[in-house]
Amino acid sequence: KIGFPSWVEVDVKKMAGTFKGAPDRSEFGQDINESLVVELYSK
Numbered sequence: 010k011i012g013f014p015s016w017v018e019v020d021v022k023k024m025a026g027t028f029k030g031a032p033d034r035s036e037f038g039q040d041i042n043e044s045l046v047v048e049l050y051s052k
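Residue numbers (our numbering): 10 to 52.
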C-alpha cells in the first residue's frame with residue numbers, strides 16, 4: 010500500500026486533502042527530474 014507524503018493531510022472518507030507545507034527536496038524520490046517538471050508546466 011502506498012501512503013501519503015508527510016506534507017499532505019488526507020481525509021479519505023471526505024475525499025479531501027490539504028497541503029500542510031511545501032515539501033523538502035529530500036522527501037522526493039531520487040528519480041524525480043525537476044527540470045522536466047518545470048518544462049512541462051511552463052508550456
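Every residue, glycine too, gets a C-beta built ideally from N, C-alpha and C.
Query	Result
Own chain, CB closer than 8 angstroms to residue 36, minus 5 neighbours either side, in chain order	14, 15 and 16
CA nearest to the CA of residue 29, picked from 48, 18 and 42	18
Cα-Cα separation, residue 51 to residue 11	29 angstroms
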